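S.K.: Sending over a structure as structure tokens; questions will come in a sec.
In the numbering used here, the protein residues as written are 7 to 667.
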């Protein structure tokens, strides 16, 4: 009965979405306040129905209701409770329902917290958001019904993909989807602005919190996925330039550009059309990622769907959404007149260059990701791997990182570059020192050492800009403290985010350049020395888990005869699907990870053992956390929450004048 309630709730959600997408939009065009007012309760009601459906599916998973085909195909009665819950979205149908739920959550958030928005704009934003929901609700109901029944039910389920039976993968999809779907709000604001024919400082202030929230979630989702790949797959890496990784990274790049361009619109009334275009393209890349993963084009742990009918449906939805929005942009964008003239050396110019480099970097990733798919469609086989991305992406990002340290110190409209460079003496000294130290410790090559210098330049540059704001060491400490307390939170957030990027760069450069790896067959009693540490295999024991059996190794790690840690990597075999997985053992020192993984037995009493010395990898996760924290601090800025500016005059062509006529 509960699955039927969930199915019926989805149908009601589609009906409410149709109402929300039509009447408020018509009301905004005709100036009918009552029709526009329908958008808020409709958005809340849509959330209630979608949440009901999602909880109904979760109930089926938790209770192991194998009469529901989705549960029978993706769960098992022996699953731990956490993975029964995460199994709700660990499959195609459930993941799409999670997408729809998050879409409804963002729409309801605008309805609840968008009281400072003009009624016509709010109605249009919620209507556009609802039309996105209509497409995905129709997709779920007509091609991916999560509540389809199975009779007779099997005695037990086929089990959740063993790779997904991990805490990291339990929380990674919701975090990633909050980022993906969160950019739908920026898209809805952009389409509403094009329909209204107005983009101004108030619009930019309204769109920034939603963009920033989505960016924070997407940053966390990407970091969580990389962390999972690092410790779960046993290969010692955290990024492979896999297409599924890339389709989450591309919206992050354009979303970062969107955040910065919206600042220019708000502060200087410039880059209007570019900002609107970025909002459209950022969410379009989220939709393209959905199409690539859900259409069956890729074989991946993330790619649940292999039904061509589903792929065609998503392709049509994608073409209508992206094609329609770009056509509207082409028609209405010329009317968005910009202002705010600025000199070549100014903060505006720095942000423009920031946007151009991010857009070009995104284009290189897009080309490398999509080219093999297009080539295969025409009968050719092509692969694009890490060498392409390293040769194209890294040279683009290098000047971007250099500019990140300078940009916040530039003045609006016109800046004194010589003066700014004078304030960067400490950053320059730190960059030189970091480069020389890296060369001394590693003995070369020069490239990674320069990467360390660039990270030091950015980190000290970010701190120098913050210290300049509070006049650190230039006034009494109490005065600096007072200035720090009165500084806008967005300024603190920017410093944290830029410093976090610098910390992450240190981890990326260190892990890519100085990793030490040893792969060998080891028997109990054997030892191997890696990067100054001695690893001794004490033995391998069979361990019984709740739904798997495991070969667990015990490896003692010492350095100069002194014990460091005991590691217990595992090789698990999940009994239902007969699928093996690797559980790496990681001991971190803060400056490096000691990483071991055990493989298959050789049949003669030995096992394949992989031993890695992973320098500075923990800094990647620390930097990601700092970036998220910076975004969260900026999001808490009172100006973004309740201080949005009021428009001084009505928008042109909103429909009010036509209604009066």
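Built from N, CA and C at the ideal position, the CB exists for glycine as well.
Just so we're clear, the structure is a prediction, and the values are computed from it rather than from any experiment.
1. Starting from the C-beta of residue 402, find all residues in its chain whose C-beta is less than 7 Å away, skip the five residues before and the five after it, and write them out in chain order.
2. Counting along the chain, where does the beta strand (DSSP E) carrying residue 618 start and finish?
3. Which of the three DSSP states is assigned to residue 579 in this structure?
4. Is it buried or exposed, residue 222, if we count other Cβ atoms within 10 angstroms and call 16 or more buried?
5. Quick one: residues in its chain with C-beta nearer than 6 Å to the C-beta of residue 307, no 5 flanking neighbours on either side, listed in chain order?
6. Should residue 63 and residue 119 be called a contact, given that it needs their Cβ atoms to be closer than 8 Å?
7. Which one of 414, 542, 459 and 451 has the shortest CA to CA distance from residue 436?
8. Which one of 597, 571, 500 and 621 has the shortest CA to CA distance from residue 639?
9. For the region 172-250, which segments carrying the alpha helix (DSSP H) assignment without a break, of at least 4 residues, lie completely within its bounds, in sequence order?
10. If you drop the 5 nearest sequence neighbours on each side, which residues of the same chain put their C-beta closer than 7 Å to that of residue 23?
11. Taking the C-alpha atoms as reference points, what is the distance between residue 246 and residue 621?
12. In the DSSP assignment, find the unbroken beta strand (DSSP E) run with residue 429 in it and report its ends.
13. Given residue 240, which residues of its chain have a CB within under 6 Å of its CB, disregarding the five upstream and five downstream residues?
14. Alpha carbon to alpha carbon, how far is residue 19 from residue 451? Give it in angstroms, no decimals.
15. Measure the alpha-carbon distance for residue 233 versus residue 264 and round it to whole angstroms.
16. Spatial neighbours of residue 231 within its chain, please: CB distance less than 6 Å, with the 5 preceding and 5 following residues excluded, ordered by chain position.
17. Identify whether residue 169 lies in helix, strand or coil by the three-state DSSP scheme.
18. Could you check what DSSP says for residue 591 in three-state terms: helix, strand or coil?
19. Measure how close the beta-carbons of residue 478 and residue 486 come, nearest whole angstrom, since I'm counting them as under 8 Å.
20. What would DSSP say about residue 601, mapped onto helix, strand or coil?
21. At a cut of 8 Å, does the region 463-477 reach the region 500-510 through at least three beta carbon pairs?
22. Whose C-alpha, out of 93, 50 and 58, is nearest the C-alpha of residue 113?
23. Alpha carbon to alpha carbon, how far is residue 577 from residue 561?
24. Who are the near neighbours of residue 108 in its chain, counting only those whose CB is closer than 7 Å to its CB and skipping five residues on each side?
25. Relative to the alpha-carbon of residue 151, which residue among 427, 167, 102 and 129 has its alpha-carbon at the smallest distance?
26. Assuming residue 46 contacts residue 117 under a Cβ cut-off of 8 Å, what Cβ separation, rounded to an integer in Å, is found between them?
27. What is the rounded straight-line gap between the Cα of residue 464 and the Cα of residue 269?
28. With DSSP as the reference, label residue 11 as helix, strand or coil.
M.R.: The relevant details are as follows:
1. 363, 366, 367 and 370
2. 613-621
3. strand
4. buried
5. Only weak support is given to the placement of residue 307: the predicted model assigns it a pLDDT of 46, under 50, and the value that follows is read from those uncertain coordinates. Result list for residue 307: 169, in chain order.
6. no
7. 459
8. 500
9. 173-202 and 207-238
10. 52, 136, 139, 140 and 143
11. 18 Å
12. Here residue 429 belongs to no beta strand (DSSP E); instead the alpha helix (DSSP H) covers 423-429.
13. 588, 590 and 603
14. 59 Å
15. 26 Å
16. 178
17. helix
18. strand
19. 5 Å
20. strand
21. yes
22. 50
23. 14 Å
24. 183, 184 and 187
25. 102
26. 4 Å
27. 21 Å
28. helix
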